[in-house]
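See structure below.
Residue numbers (the numbering used here): 205 to 281.
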């Protein structure tokens, strides 16, 4: 886990600032699709919200999506 965070942080700093948001949102959306079972349009909207609400750049997009999905309830729908 710590290795993943360090790896993500170092890779993130190598990306030009103007591309960081796009790449972060794409990775976050992919996590929503894979683990949350939502369509790509919904996943992108959720990922954009995660980007806007993230506390700092140390959070990986996957961790942000996982944290958000941890609050979802399975209501049988």
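From the three backbone atoms N, C-alpha and C, an ideal C-beta is built for every residue, glycine too.
Inset, instruction - Mark residue 244 as exposed unless 16 or more other C-beta atoms lie within 10 angstroms of its C-beta, in which case mark it buried. - result: The residue given as residue 244 occupies position 40 in the chain shown. Residue 244 should be labelled exposed.
Legend entry - First through last residue of the alpha helix (DSSP H) which encompasses residue 271: As a working note, residue 271 is residue 67 in the chain shown. Judged by DSSP secondary structure, residue 271 falls within the alpha helix (DSSP H) whose first and last residues are 265 to 273.
Inset, instruction - Please state if the CB of residue 255 and the CB of residue 276 are separated by a distance shorter than 8 Å. - result: As a first step, residue 276 must be located in the chain shown, where it is residue number 72. As a first step, residue 255 must be located in the chain shown, where it is residue number 51. Not a contact, by the Cβ cut-off of 8 Å.
Legend entry - Bounding residues of the alpha helix (DSSP H) (the contiguous stretch that carries residue 255): Position 51 of the chain shown, counted from the first residue, corresponds to residue 255. It spans 244 to 257 - the alpha helix (DSSP H) in which residue 255 sits, taken as one unbroken run.
Inset, instruction - In angstroms with no decimal places, state the Cα-to-Cα distance between residue 239 and residue 266. - result: Here residue 239 corresponds to residue number 35 of the chain shown, with the count starting at 1. Here residue 266 corresponds to residue number 62 of the chain shown, with the count starting at 1. Rounded to whole angstroms, the gap between the alpha carbons of residue 239 and residue 266 is 10 Å.
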